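Each remark here refers to the structure printed beneath this line.
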């Protein structure tokens, strides 16, 4: 406060004060989320609200209030504070211009709305043509597969269980069960079902993780977003902010491509379990 108040240039003072206020508000939000998370975890372990209040030096009413107000803990599934949501640019077939697929735009918008509902700020970026994206940053959510980015392909190779395989078409291979997931749109006759990868993988620099997902085709990507919209609390309860991966199955309406049934097709693999 003293440092900012001492700034003589009024415009610089306004800018610095606004930046500090935004940072402070994010910190308050994340501390509130963390506090609510700890209370929920202690209660799930068998402690009553009265016991938690006594140990924490707070009233039972205050503990109960914290438990039911503030940002939900499962929002931390995406990250903390400000998350960066990245979607790929693709080259237009006829004029070779960089474009974003309609399905990716829809997926990003739905995910952005979901994250903002958990009091997270969202910044949007694109994986550029050529696929060179910096993954060594905190709070990244990347919607992109190995086909459009070598960097992303190398990231997916860090998964100890699931792998992308390109033969006549792209498939997902579960190395534990030897199950292979192939999109129904690549079959003859075509079927309205797609599969997608969802996981949290180590950053290339080893200093954090990246949340990544993508369908074999765009319908699978929309299916992952639907799963996150409806089952985020359950996912958070099983993997929290730890590394994991799974295959998501999406049955969709053939005309619109919108999901009609979404579920996990493979086990939910927690990577720290080996």
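In my numbering, the protein residues as written are -5 to 268.
Glycine included, each C-beta is placed from N, C-alpha and C at the ideal position.
What you are looking at is a predicted structure, and each value in this text was computed from that prediction instead of being measured.
Residues bridged to residue i (per DSSP)
{"i": "residue 205", "result": "135, 194"}
{"i": "residue 246", "result": "253"}
{"i": "residue 164", "result": "160"}
{"i": "residue 176", "result": "165"}
{"i": "residue 120", "result": "81"}
{"i": "residue 188", "result": "244"}
{"i": "residue 263", "result": "239"}
Collapsed DSSP secondary structure at residue i in the structure displayed
{"i": "residue 82", "result": "strand"}
{"i": "residue 115", "result": "strand"}
{"i": "residue 127", "result": "coil"}
{"i": "residue 76", "result": "strand"}
{"i": "residue 1", "result": "coil"}
{"i": "residue 141", "result": "coil"}
{"i": "residue 152", "result": "coil"}
{"i": "residue 170", "result": "coil"}
{"i": "residue 258", "result": "strand"}
{"i": "residue 107", "result": "helix"}
{"i": "residue 17", "result": "helix"}
{"i": "residue 200", "result": "coil"}
{"i": "residue 66", "result": "coil"}
{"i": "residue 98", "result": "helix"}
{"i": "residue 6", "result": "helix"}
{"i": "residue 308", "result": "Outside the modelled stretch of the chain, which goes from -5 to 268, sits residue 308, for which no answer is possible."}
Contact belief for residue i with residue j at Cβ below 8 Å, rounded distance in angstroms
{"i": "residue 83", "j": "residue 121", "result": "6 Å"}
{"i": "residue 251", "j": "residue 216", "result": "7 Å"}
{"i": "residue 11", "j": "residue -2", "result": "5 Å"}
{"i": "residue 43", "j": "residue 54", "result": "5 Å"}
{"i": "residue 149", "j": "residue 204", "result": "7 Å"}
{"i": "residue 131", "j": "residue 78", "result": "7 Å"}
{"i": "residue 47", "j": "residue 56", "result": "7 Å"}
{"i": "residue 9", "j": "residue 69", "result": "The pair is not a contact, with the Cβ atoms about 28 Å apart (cut-off 8 Å)."}
{"i": "residue 142", "j": "residue 156", "result": "Not quite, the Cβ-Cβ distance comes to about 18 Å (not below 8 Å), so this is no contact."}
{"i": "residue 185", "j": "residue 178", "result": "3 Å"}
Residue i vs residue j beta-carbon contact at 8 Å
{"i": "residue 128", "j": "residue 73", "result": "no"}
{"i": "residue 260", "j": "residue 181", "result": "no"}
{"i": "residue 199", "j": "residue 244", "result": "no"}
{"i": "residue 67", "j": "residue 19", "result": "no"}
{"i": "residue 253", "j": "residue 220", "result": "yes"}
{"i": "residue 258", "j": "residue 242", "result": "yes"}
{"i": "residue 65", "j": "residue 126", "result": "no"}
{"i": "residue 226", "j": "residue 71", "result": "yes"}
{"i": "residue 239", "j": "residue 191", "result": "yes"}
{"i": "residue 140", "j": "residue 265", "result": "no"}
{"i": "residue 81", "j": "residue 115", "result": "no"}
{"i": "residue 212", "j": "residue 95", "result": "yes"}
{"i": "residue 105", "j": "residue 222", "result": "yes"}
Which ranges would you report for the beta strand (DSSP E) in the stretch 210 to 245 if only whole runs of at least 3 residues count? none
Report the residue ranges of all alpha helix (DSSP H) runs contained in full by the stretch 34 to 62; include only those spanning at least 4 residues, in chain order. With a minimum length of 4 residues, the continuous alpha helix (DSSP H) runs that stay inside the stretch 34 to 62 are 43 to 50, 54 to 62.
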